[in-house]
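Here is the structure we will look at.
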Amino acid sequence: DGGITQSPKYLFRKEGQNVTLSCEQNLNHDAMYWYRQDPGQGLRLIYYSQIVNDFQKGDIAEGYSVSREKKESFPLTVTSAQKNPTAFYLCASSNGGTGELFFGEGSRLTVL
Amino acid sequence: DQQVKQNSPSLSVQEGRISILNCDYTNSMFDYFLWYKKYPAEGPTFLISISSIKDKNEDGRFTVFLNKSAKHLSLHIVPSQPGDSAVYFCAACNAGGTSYGKLTFGQGTILTVHP
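In order, the protein sequences belong to chains A and B.
Numbered per my numbering, the first sequence spans residues 199 to 310.
Numbered per my numbering, the second sequence spans residues 31 to 145.
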């Protein structure tokens, strides 16, 4: 089945450690996105990529990094510079035709 | 600056009645609007959308209305069912801009439909 796979689903890390969240899609979509969800704040855009080897900062990119070496993959690294990393992270992709995003099931990161 | 606002954090309705979820936006460059539904610990799923050239779009039990002058849209669910209980997010984008597909989301409204 076509879709977006995020891993891990749950992740616990100590403060100061970098963590990388995986996102893979087999929908053949050009564009991929990372959003963060916090209670009461909806979804906020971290980074997005509209084509391989290119990506743009979203609204809250500080403390995060991404790469887009393959069309199918868009990993997100939460660095120690991110001041409040505990959140629910959502990866999405789109074909750009309708603005409709297809989301993965999310990764919940808890920093202890 | 919250460009897309859902001012009602929650809504409770009886099964079979109408659910009306509201959304306001401030950015006049937005010209394409979407509603997403989200269950706990899952990713949002697309529900329905509307372009700014229309004022209404219908899909089964779901209808979205757009009032451009008021910068307001609403999602109507008729009749509401218990399985509709979820968080509903309103989202907007500038379809004609270079950031096409980059959506701005509202805070979400928790809908609870009671049997």
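Using N, Cα and C, we set each Cβ at its ideal position, and we do this for glycine too.
Within 8 angstroms of any Cβ in chain A, is that where the Cβ of B:S49 sits? On the second sequence, position 19 is the one that residue 49 of chain B refers to. It does not; no Cβ of chain A falls within 8 angstroms.
Roughly how many angstroms lie between the CA atoms of A:N282 and B:A121, to the nearest whole one? Against the first sequence, residue 282 of chain A aligns to sequence position 84. Against the second sequence, residue 121 of chain B aligns to sequence position 91. For A:N282 and B:A121, the distance between alpha carbons rounds to 24 angstroms.
Can you give me the Cβ contacts of A:G214 inside the same chain, cut-off strictly under 6 angstroms, excluding the 5 residues immediately before and after it? Working through the first sequence from its first residue, we reach residue 214 of chain A at position 16. Hits under 6 angstroms: S278.
Considering B:L64, what are the terminal residues of the beta strand (DSSP E) in which it resides? As a working mapping, residue 64 of chain B is identified with position 34 in the second sequence. Counting along the chain, the beta strand (DSSP E) containing B:L64 begins and ends at 62-68.
contact_flag[the segment 33-46 of chain B, the segment 266-278 of chain A] where n(CB pairs < 8 angstroms) is 3 or more: no
Rounded to whole angstroms, how far is the Cβ of B:T75 from the Cβ of B:Y62, which I believe are closer than 8 angstroms? As a position in the second sequence, residue 75 of chain B is number 45, starting the count at 1. As a position in the second sequence, residue 62 of chain B is number 32, starting the count at 1. B:T75 to B:Y62, Cβ: 18 angstroms. No contact.
Tell me the DSSP secondary structure of A:G201 in three-state form. Along the first sequence, one-based indexing puts residue 201 of chain A at 3. A:G201: coil per DSSP, three-state reduction.
Out of A:Q239, A:W232, A:Y287, A:V276, which has the shortest C-alpha to C-alpha gap to A:N216? Numbered from 1 along the first sequence, position 18 holds the residue referred to as residue 216 of chain A. When each option's Cα is compared against that of A:N216, the closest is A:V276.
How is B:D31 classed by DSSP in three states: helix, strand or coil? Working through the second sequence from its first residue, we reach residue 31 of chain B at position 1. Note: B:D31 maps to coil in three-state DSSP.
Chain B within 8 angstroms of A:Q239, Cβ atoms only: Within the first sequence, numbered from 1, the residue matching residue 239 of chain A stands at position 41. With 8 angstroms as the cut-off, A:Q239 counts as an interface residue toward chain B.
So which residues on chain B does A:F301 lean against when the C-beta distance must stay under 9 angstroms? Translated into positions along the first sequence, residue 301 of chain A becomes position 103. Those are Y66, K68, E72, G73, P74, T75, F76, listed as they occur along chain B.
Name the DSSP beta bridge partners of A:Q239, please? The residue given as residue 239 of chain A occupies position 41 in the first sequence. None, per the DSSP bridge assignment.
Compute the beta-carbon to beta-carbon distance between B:Q36 and B:T139, rounded to the nearest angstrom, for a pair I have assumed lies under 8 angstroms. Position 6 of the second sequence holds residue 36 of chain B. Position 109 of the second sequence holds residue 139 of chain B. With a Cβ gap of about 5 angstroms, B:Q36 and B:T139 count as contacting.
Check whether the segment 203-211 of chain A touches the segment 248-258 of chain A, counting contact only when three or more Cβ pairs, one atom from each stretch, lie closer than 8 angstroms. no
Give a yes or no on whether the minimum CB-CB distance between B:L141 and chain A is below 8 angstroms. Here residue 141 of chain B refers to the residue found at position 111 of the second sequence. Judged by the 8 angstroms Cβ criterion, B:L141 is not in contact with chain A.
Interface residues of chain B facing A:L288 [CB-CB closer than 8 angstroms]: Against the first sequence, residue 288 of chain A aligns to sequence position 90. Residues of chain B passing the Cβ test: G73, P74.
Beta strand (DSSP E) runs wholly inside the segment 31-116 of chain B, at least 3 long, in chain order: 40-44, 49-55, 62-68, 75-81, 86-89, 92-97, 102-107
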